[in-house]
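Enquirer: Numbering-wise (full-length UniProt numbering), the sequence shown opens with residue 1 and increments by one.
Beta carbons are placed, not taken as given, at the ideal position from N, Cα and C, and that holds for glycine.
All of these numbers come straight from a predicted model, not from anything done at the bench.
Before I ask anything, here is the structure I am working with.
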Amino acid sequence: MKVHFDILLSIASLATATASAGCGKPLPNDQGAEGIYPTDFTTSDDTLRPYIIHIPSNYDENRAVPLTFSFHGRSKTAESQEQLSQFSNEAWNPDAIAVYPQGLDNQWQGDPDSSGVDDVAFTMEMLDNFEKRYCIDSSRVYAAGKSNGGGFTNLLACDPTAFKSIDYCGICPRFGCLLPGRTRGRLQSRKGADQL
1 MKVHFDILLS IASLATATAS AGCGKPLPND QGAEGIYPTD FTTSDDTLRP YIIHIPSNYD
61 ENRAVPLTFS FHGRSKTAES QEQLSQFSNE AWNPDAIAVY PQGLDNQWQG DPDSSGVDDV
121 AFTMEMLDNF EKRYCIDSSR VYAAGKSNGG GFTNLLACDP TAFKSIDYCG ICPRFGCLLP
181 GRTRGRLQSR KGADQL
């Protein structure tokens, strides 16, 4: 998966950097460069949603960096996804801010047993908030996930608003959509059945 994700990031990095409104603003008081911080996000309907954020050691409030969302599988946690994905490992991801949201009841929209909450709207609200608080390259926003989290990244890819803002990499058995005129990147892995 690392090779495929590296290819996706390399292709996406050819795009022109689009600095977010958060550029020039200092990090929040409870965060510093080179750290992993558990915190909470309050949605527009006043739901408190936990997440973990990784700030790279070379973060500079005046240099736009990529942002990667990483979604855990069903019955897993943000903490387990942080360990699994290694997006916080600066040996191979030295520049991007990584965000590990926690699904309600440890699952994401799209799972038949999910809570019914609109996780697409939650993700877009988080993205809007992060672009105001951090110096994000809005042309390099990514989503990745495993299992139910991979399926959820595909829901994001199929959403007419989200697909304009986020590139995707998901690992799930079978899921997808076709959007005519799509200009954002998408990479899917289906174990040994990949036909790249």
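Evaluate I171 with the Cβ neighbour count: other Cβ atoms within 10 Å of its Cβ, from every protein chain shown; 16 or more gives buried, anything less gives exposed.
Expert: Confidence at I171 is low in this model, with a pLDDT of 46, below 50, so its placement is unreliable and no value can be given for it.
Enquirer: What would DSSP say about R49, mapped onto helix, strand or coil?
Expert: Three-state result, R49: strand.
Enquirer: What's the C-alpha gap between S138 and P112?
Expert: 32 angstroms
Enquirer: Which residues does DSSP pair with G35 in a beta bridge?
Expert: I55
Enquirer: Hey, is the region 107-126 in contact with the region 78-86, meaning 3+ C-beta pairs nearer than 8 angstroms?
Expert: no
Enquirer: Our contact map puts G24 next to G73 with C-beta atoms below 8 angstroms; I'd like the distance itself, whole angstroms only.
Expert: 37 angstroms between Cβ atoms; not a contact.
Enquirer: Quick check on D113: does DSSP put it in helix, strand or coil?
Expert: coil
Enquirer: DSSP puts V99 in a beta bridge; with which residues?
Expert: I53, F69
Enquirer: Between which two residues does the alpha helix (DSSP H) containing R133 stretch?
Expert: 119-133
Enquirer: Nearest to T18 by alpha carbon, out of R49, E131, A144?
Expert: E131
Enquirer: If I follow the unbroken alpha helix (DSSP H) through A78, where does it start and stop?
Expert: 78-85
Enquirer: Measuring only the C-alpha atoms, how far is N29 from L156?
Expert: 31 angstroms
Enquirer: In whole angstroms, give me the CA-to-CA distance for T161 and D118.
Expert: 13 angstroms
Enquirer: May I have the straight-line CA-CA distance separating S20 from I55, to the nearest angstrom?
Expert: 16 angstroms
Enquirer: Residues in its own chain within less than 6 angstroms of Y59 by CB, not counting five upstream and five downstream?
Expert: A33
Enquirer: If you draw a straight line from the C-alpha of P101 to the C-alpha of N62, how long is it?
Expert: Taking the Cα positions, P101 is about 25 angstroms away from N62.
Enquirer: Using C-beta distances below 6 angstroms, list every residue in its chain close to P50, excluding the 5 sequence neighbours before and after it, in chain order.
Expert: D40, Q102
Enquirer: Measure the Cβ-Cβ separation of N52 and I97 and say whether it is below 9 angstroms.
Expert: Per the sequence shown, residue 52 should be read as Ile rather than Asn. For the pair I52 and I97, the CB atoms are not nearer than the 9 angstroms cut-off.
Enquirer: Candidates D159, P66, D105: which alpha carbon is nearest V99's?
Expert: P66
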